[in-house]
Structures are given as C-alpha cells and as structure tokens.
Amino acid sequence: MGFASSSSTARAVASLSNAGKGRVLVTRSSRPSPSLVPLRSLNRDHTRSFASSRESASVASSSGQSSGSRAALGLSLALLAGAIGGYLVASDLQLEAGARSTSPEPSTPPASSNFSQALSQLKQHFADEQDCVSTEPTDLEAKGFSLWCQHDASLPQVVVYPTCTDDVVAIVNIARENGVALVPFAGGTCLEAHWYAPRDPKTGETIPTISMAFERMDALLEHDEDSGYVRVQPGLGWQDLNEDLKSRGSKLFWPVDPGPGSAFGGMLATGGSGTGAVRYGTMKGDLILNVTVVLPSGEVIKTRSDARKSSVGPDLTKLFLGSEGTLGVITEVTLRLVPRLKESVVTVAFDSVDQACRASQAILNHGVGVSSIELLDDVMLKAINFASKPDPPHAERPSLFIKFSGSDVHTSEDQRLTRKLVAEHGADLSTLRTSRDEAEVEALWESRKVALWSAMQYRGEGARCWTTDCCVPIARLPDYMKQVKEDLAKSNLVAPIVSHVGDGNFHALIVYKDGDKEEFARAKDVVHRMVHLAQDLGGTATGEHGVGRGKREYLERELGPGTVQLLRSIKNMLDPTGFMNPGTLLLPEGGDVATHAH
C-alpha cells in the first residue's frame, strides 16, 4: 500500500508505426517530484527522512533479446529440468533415508564479497551519468526503511538507478562477480521487507548490498491499441499507466490495482493483485503476456511472444512471477489491457461481518457483474471517518463497497439484484448509497484506497503499522474473520480490517506505538496465529503481499517439504552463488537469527 504523485507522468511520443493500426512506440520525459497527498504519495513518504526524488534527464530505452537470448532460454529450460531432476533424486533419497534433504540453499553472497571493487566498477559504468550511483544517506534510508510495515531498517550500501536493460545486465554482472547482494526496488510499497538489504543468517548483520532502483526505468515503451497490449518498464506505476492511456484517448486500461503507488516491478515480483482481482485476476494471471528478464548469469531472455495465447512449451513467464527478485530481474513486461467501462459504486452496512461475507457470496453466486467487492469492518470505517472526514460520514459498521462496470442497462439490473440480495442477508438499506456520477464513484472508492493512511492517522503520532494479509477459501472467510477479530480484541490491539471479500483475501492493519516492545510482541503473536488459522482452513499465509522476509517460516507448513525443496533446487540452479535478493522467500536451511522484526 502506498501513495504516489497525484499528477500524471508526462509522456512524449518517440515514434509512430502502423499508425492506422493504433500501435504507438513511446518513451517518457522526466518525472516530476511527487506531491505528498493522501492516495498517491505513501510510497514516496515511507521514511522519516525520505530521499528526494531526482529528475532523470536520460531517455529510457528498451533492449530486446540479446544475441544469446535463444541460448539463454535453452539454458534456462535445461537448468529448470536439471532442478526438477535434482529434486526428484533428492526426494528419492529422502524416502530411502527417511529424512529431509539438507542440500544447502545459498542464503548470503560468498564470504569473499568485494564491495569496494563493485562500487568502483558501478561508478565506472555510469561515468557519464554520475548521479545514477548514490551513497547519500537519504537515498540509502529510502531503500531500506518504511513506516508502513513492521520491519526494522536494513539499509543498502549503495543505490543504483539503471535506465535500460543493458544497465541492469552490467549491474547484475558486477554484483555477481564481486559477491555483493543485489536487491531490486520498484515502487517501495511491498510490506514484507522484500527490498530491504539482507542480513547474515548467522550474525544478523546487514551484508554488503546494492539496491537497484527503477525510478528511471518507468517508461511506457509500446502501446498497441488494436492488439490490446502495452510494453512497460518495471518502475512504471499502474496508476500512471492508466492516466497515460486515458490521456491518449485509449478505450483500454490496466485493471489490476494493488496499493496506490505500486509499480509493475514489485507487482510482478510479489504476484500481487488488488480490489479488481475478483473480476480480472492477479499479477500471476493471463493478463501478463511475457516478461524480459536478466538472469543471474547476466543473460537476457524474453519468456514468450506477444500473442494472447501460445502452446509452445511450459509458460516460463510464470516461473518469475512471485519469485521476489530471487531468480532474475524483470526489466520489461508486456501487459494485456481490458476495455474501460463505465463504473458505479454501491456501499451498504450490516450488523455483522458474517452477514456482509454471506451477502458477498450470494452476489457472486448469482452472477452479478461486479468488478470489485470489498468488506471494511467497523474499526476501519471509524478510522476513515476520523482521518478523511467524508461527507456524509460512513456508517461505522461492517460494510460492503461494491464496484460495477458495464453499460447503464447491465449496471442497473446488477444493482437491482444486489439490493435484493443484500436485503436478504440483513443489510441496513437506510445506509445504502449509490454513486450518481464519476465524481461520486471516485469519492466513494477513495475511502477504500486510503485504508492504510487512515489507520495510521487514527492511531496518532508515533504509529507504526503491521500490515498483514492471508487468504482462505471464500466459504470459510466468515468463520475466519470472526475468529481473528475475537483474537485481536482479546489482545487489546487496534487493528482495522479490510478484505477483498470476493476472493477470500483478508488484511489486518495492526497499528501500534513505535518502540512499544510489549505491544509489538502481542501483534507478532496474533499474526502468527492468524497465519496458522488460515492454513488450517485450507488457505495461505499471504494472498497478495508476498513472502519476503516476514513469512518465510510458514512456507513448509503450507507447501510441504518437497515443494520447498523444489523451490530451493530452482534457486540453486539459476543463482548458484545466491547473490540475487538473498534471504527473501526461502529461509536458510540452517536457520536465521535475524527475524527482520523488532
């Protein structure tokens, strides 16, 4: 969750080809410094002394497949096959020995790490663009600390700002050859320390780390209106893309909408989603046509063609979605767009979370064409009323926020059926509100999007937030939310709740006083029980935030030792020295003394 600039990023047309077919190649102009306003600036204001944003004078360029791309793709397939083969052999040995495999997973760069040489080589590579390499304290802090999550600061030693895929190749090679950890950074809204500098699993000390920040790789590289796709760089935010498309008069838009300020690099790396997942799916879905990836070896591959479907072998795109920067660095992605439809919003309150959950299930099972359906509990709406002061204020009871997309005829019928179904499940129809125009759509939906900011304001000065998510089968969500709310109440914690109720995804925003170790310990215990309960109900430790460093301990309980071993094998084959975002996603097999929490 986060904020970004409230103004749209300016774009300049670089060239036109096939103009009659609506295909446009574009590149960006410099990004203005962000204005710190609710809804769009959280990711730029996530540190107490955040880094000033730089304007980029260079034009971002794309690089296609390198001359060795086909060989690299073949190598990747061979490596993956080898990893699976190694996993199967390890599994056989496990069965014979009756014990888990203990094959090591590279958790830190080699002991011979040579950071000073790496820094010198980075400066040499960017000799003509010296501001692309920074050791300024404000830059380092902005890439290793956030108020919006519970993890302690862990700062890199240098921040590098690539402008193209060739720069990324150079940075990857420098990091690998010098044994320095490399951590990608996109929008900075990830909540499980994905982009923090890793720590040595034995000592807990931060290890030499290069933060590769994509602020200057935020280009819309290609827009093909008739084919319905765009090609973008990882630093571009989804909101900026949609504003750009709208300014061009496009009839299409990008529908996956995680926290404000999120950029495509992080969205892909975590497999994120958002309020629109109930209709459009997630960042692991079919809307991702392909990605261009720099492998740990420095080779560049493109995982698939631009066609909407292909049956050419396994879809290697999926290998990198949700890999959290551990298997390679995504430098371009081709995205399938969807039609931009007229929207309307309905909100309505209930007496209980259970009623709201069951009303949502009924709406979905009756085929109502919702594009989003969100549940905000009473505490969340109190926080929003306090922080945002909507006029009129929201009823401070569990409420559904429902977004419809389509023609007036279809939306009218969907709203009629929705009104009937929520009434049958105990809704207070006196609280029902329906948007009358686009301005009211934005006003009503803004309350949903400022949830995290409102929770922080509600707690007051000195607040920190442990923002966590789990996901369970939809039918089990009412019982899950009931038990979690009871646990939070017993633990005496302030924790507004918001749920993507249409797909069973649940968020608790546990706000606590920074530095209060006892309150933090209570929050940690509740989150632990919350994750275990979700898994016991057939759910997952995280529906969209990703694993990062915060939820590594729950993987084996959820996936089983065999699946985790397969993940380790793939990681070892692609990144044998373990320099790509070490310590993220997988726990070192020997344990980890650094919890990355207080």
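Numbering (full-length UniProt numbering), first residue to last: 1 to 598.
Every residue, glycine too, gets a C-beta built ideally from N, C-alpha and C.
Everything numeric in this text was worked out from a predicted model, so none of it was measured.
Where the beta strand (DSSP E) containing residue i begins and where it ends
| i | result |
| --- | --- |
| histidine 507 | 505-513 |
| methionine 481 | Taken as a continuous stretch (DSSP letters only), methionine 481 belongs to no beta strand (DSSP E), being part of the alpha helix (DSSP H) at 477-490. |
| leucine 432 | 428-434 |
| glutamate 332 | 329-336 |
| valine 498 | 497-500 |
| valine 230 | 229-232 |
| lysine 302 | 300-302 |
| aspartate 224 | 220-224 |
| threonine 292 | 288-294 |
| valine 159 | 158-160 |
Bridge-paired residues (DSSP) for residue i
| i | result |
| --- | --- |
| alanine 463 | Lys513 |
| phenylalanine 185 | Ala213 |
| serine 344 | Phe404 |
| alanine 307 | Paired residues: none, contrary to the question. |
| glutamate 374 | Phe401 |
| phenylalanine 253 | Val338 |
| threonine 469 | This sequence places aspartate at residue 469; threonine is not what is there. Its beta-bridge partners are His507. |
| threonine 165 | DSSP, once it has assigned bridges, lists no residue as partnering threonine 165. |
| methionine 580 | Leu182 |
| serine 146 | Bridge partners of serine 146: none, in fact. |
| aspartate 273 | Residue identity differs from the one stated: residue 273 is serine in this sequence, not aspartate. The partner list for serine 273 (beta bridge, DSSP) is empty, contrary to what the question assumes. |
| residue 621 | For residue 621 there is no data in the structure shown, the boundaries of the chain being 1 and 598. |
| serine 134 | Val159 |
| valine 494 | Val511 |
Per-residue burial, residue i [other beta carbons within 10 Å of its own, 16 or more giving buried]
| i | result |
| --- | --- |
| aspartate 128 | exposed |
| lysine 517 | exposed |
| histidine 151 | buried |
| glutamate 332 | buried |
| valine 89 | Bear in mind that a pLDDT of 40 at valine 89, under 50, signals an unreliable position, so the number given afterwards is only what the model happens to contain. The residue in question, valine 89, is exposed, as its Cβ has fewer than 16 Cβ neighbours within 10 Å. |
| serine 35 | Since pLDDT at serine 35 reaches only 29, below the 50 mark, its modelled position is unreliable, and no value is offered. |
| serine 447 | buried |
| alanine 83 | Its pLDDT being 47, under 50, alanine 83 is placed unreliably by the model, and the measurement read from it follows with that caveat. Buried: at least 16 other Cβ atoms inside 10 Å. |
| lysine 551 | buried |
| isoleucine 135 | One detail in the question is off: residue 135 reads as threonine in this sequence, not isoleucine. By the 10 Å Cβ count, threonine 135 comes out exposed. |
| asparagine 505 | buried |
| serine 305 | exposed |
| glycine 328 | buried |
| serine 311 | exposed |
| arginine 464 | buried |
| threonine 108 | Bear in mind that the predicted position of threonine 108 carries a pLDDT of just 46, short of 50, making it too unreliable to give a figure here. |
| leucine 586 | buried |
| phenylalanine 579 | buried |
| valine 346 | buried |
| proline 398 | buried |
Beta-carbon proximity check, residue i vs residue j, cutoff 9 Å
| i | j | result |
| --- | --- | --- |
| leucine 509 | tryptophan 466 | yes |
| histidine 425 | alanine 356 | yes |
| lysine 513 | glycine 462 | yes |
| threonine 542 | threonine 468 | yes |
| valine 348 | lysine 482 | no |
| valine 501 | leucine 537 | no |
| valine 370 | isoleucine 402 | yes |
| glutamate 205 | glycine 548 | no |
| methionine 530 | aspartate 487 | yes |
| threonine 577 | arginine 176 | yes |
| tyrosine 280 | phenylalanine 386 | no |
| proline 296 | leucine 493 | no |
Host alpha helix (DSSP H) of residue i (start-end)
| i | result |
| --- | --- |
| threonine 138 | 137-142 |
| arginine 419 | 408-424 |
| asparagine 365 | 353-365 |
| proline 314 | It is not in any alpha helix (DSSP H) - proline 314 carries neither H nor E in the DSSP assignment. |
| glutamine 124 | 115-125 |
| serine 247 | 238-247 |
| phenylalanine 350 | Segment: none, phenylalanine 350 is in no alpha helix (DSSP H) and carries neither H nor E. |
| arginine 557 | 555-559 |
| alanine 439 | 438-449 |
Residue i Cβ short of 8 Å to the ligand FAD heavy atom set
| i | result |
| --- | --- |
| threonine 431 | As far as ligands go, the structure on display features none, and thus does not contain the ligand FAD. |
Cβ separation of residue i and residue j, assumed to be a contact under 8 Å, to the nearest whole Å
| i | j | result |
| --- | --- | --- |
| methionine 283 | glycine 272 | 5 Å |
| glycine 179 | phenylalanine 214 | Contact flag wrong, Cβ pair sits at about 23 Å. |
| serine 540 | glutamate 558 | One detail in the question is off: residue 540 reads as threonine in this sequence, not serine. With a Cβ gap of about 6 Å, threonine 540 and glutamate 558 count as contacting. |
| threonine 326 | asparagine 581 | 5 Å |
| threonine 275 | glutamate 374 | 6 Å |
| glutamine 157 | threonine 209 | 6 Å |
| valine 368 | leucine 319 | Incorrect: roughly 35 Å between the Cβ atoms, too far for contact. |
| threonine 165 | threonine 292 | 7 Å |
| leucine 140 | valine 133 | Contact doesn't hold; Cβ gap of about 12 Å is too wide. |
Any chain C beta carbon closer than 9 Å to residue i
| i | result |
| --- | --- |
| glutamate 461 | Of the protein chains in this structure there is only one, and it is not chain C. |
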